[in-house]
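S.K.: Per this note's numbering, residue 1 is the first one in the sequence shown, and the count goes up by one each step.
The beta carbon of each residue, even a glycine, is placed where N, CA and C say it ideally should be.
On a predicted model such as this, the values are computed, not experimentally measured, just so you know.
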Amino acid sequence: MKFAHVTGLAAVVLLAACSSQPAPTSTAAGGTGSSNAIVPGSAEDLATNVGDRVLFDFDKATLRPDAKATLDKQAAWFTSYPRNRAQIAGNTDERGTEEYNLVLGQRRANAARDYLVSKGMAADRIATISYGKDRPVAMGSDEASWAQNRNAITALQ
1 MKFAHVTGLA AVVLLAACSS QPAPTSTAAG GTGSSNAIVP GSAEDLATNV GDRVLFDFDK
61 ATLRPDAKAT LDKQAAWFTS YPRNRAQIAG NTDERGTEEY NLVLGQRRAN AARDYLVSKG
121 MAADRIATIS YGKDRPVAMG SDEASWAQNR NAITALQ
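1. Between the Cα of T112 and those of K60, A37, S145 and P40, spot the shortest distance and give me the residue it belongs to.
2. Flag this pair as yes or no: are the beta carbons of R53 and A152 separated by less than 9 Å?
3. Could you give the residue range of the alpha helix (DSSP H) that holds Q158?
4. Helix, strand or coil for Y131? Go by DSSP, reduced to three states.
5. Can you name the residues that DSSP bridges to G90?
6. Identify which residue in A47, A43 and D57 has its Cα closest to the Cα of S145.
7. Below 8 Å on the Cβ atoms is my contact criterion, and I expect A109 with S80 to pass it. Report the Cβ-Cβ distance as a whole number of Å.
8. Pairs of beta-carbons, one from the region 117 to 126 and one from the region 74 to 93, closer than 8 Å: are there three or more?
9. Below 6 Å CB to CB, which residues in the same chain sit around N216 once its five sequence neighbours on both sides are set aside?
10. Between the alpha carbons of L104 and G90, how many angstroms are there, rounded?
11. Buried or exposed: where does Q157 fall if 16 or more other Cβ atoms within 10 Å of its Cβ makes it buried?
12. Out of N36, Y115, I38 and T128, point me to the one whose CA is closest to A155's CA.
13. Considering only residues of the same chain and omitting the five flanking positions on each side of G51, which have a CB-CB separation below 8 Å?
14. Once DSSP output is grouped into helix, strand and coil, what is the label at L63?
15. For N49, count the other beta carbons within 10 Å of its own beta carbon; 16 or more makes it buried, fewer makes it exposed. Which is it?
16. Provide the residue(s) that pair with V54 in DSSP beta bridges, ordered along the chain.
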């Protein structure tokens with residue numbers, strides 16, 4: 001008889017534990033909610049919902065139409081979050097000398113910055129830097145990797 005009571009009690013406890021909801025967790029903004037929630041105005045919001053990088057053709061710093069579309073979304077996003085400042089990092093693929101790639105990376109960062117300024121973002125809210133070929137996002141020595149590494153990445157400063 002005792003065994004039946006203990007088994008019944010254990011079943012009730014297990015069912016109760018399964019049906020309870022986890023306690024809310026705090027988010028970066030200090031509120032409550034799921035730990036997977038993207039905080040509006042955050043770096044994750046920019047990267048996930050807007051796009052934080054634009055790509056360039058080989059040996060070019062000219063903005064492509066897809067890059068301009070991403071930068072248009074970035075300009076609108078930064079207008080919505082006027083306290084956010086940007087740093088745009090220009091990058092290149094592994095080909096070429098270190099010196100040449102640093103200059104090309106800077107030209108790419110400047111092209112993205114100049115476009116954002118032309119869309120109304122204040123120039124003093126944007127810093128630029130070139131990493132040349134020192135910070136690849138894709139490892140490999142093939143066209144697919146090189147294409148991903150020819151970029152300008154916008155991050156919150």
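M.R.: This is what the structure gives:
1. The question names Thr, but residue 112 is Ala in the sequence shown. Among K60, A37, S145 and P40, the Cα nearest to that of A112 belongs to K60.
2. yes
3. Outside the shown range of the chain, which is 1 to 157, sits residue 158, and nothing can be said about it.
4. strand
5. S130 and A152
6. D57
7. No, A109 and S80 are not in contact; Cβ-Cβ is about 23 Å, not under 8 Å.
8. yes
9. Within the shown structure, residues of the chain are numbered from 1 to 157, placing residue 216 beyond reach of any answer.
10. Taking the straight line joining both Cα atoms gives about 8 Å.
11. By the neighbour-count rule (16 or more Cβ atoms within 10 Å), Q157 is not buried but exposed.
12. T128
13. Non-local beta-carbon contacts of G51 in its own chain, meaning distances under 8 Å to residues more than five positions away in sequence, involve T70, K73 and Q74 in chain order.
14. Note: L63 maps to coil in three-state DSSP.
15. exposed
16. A152
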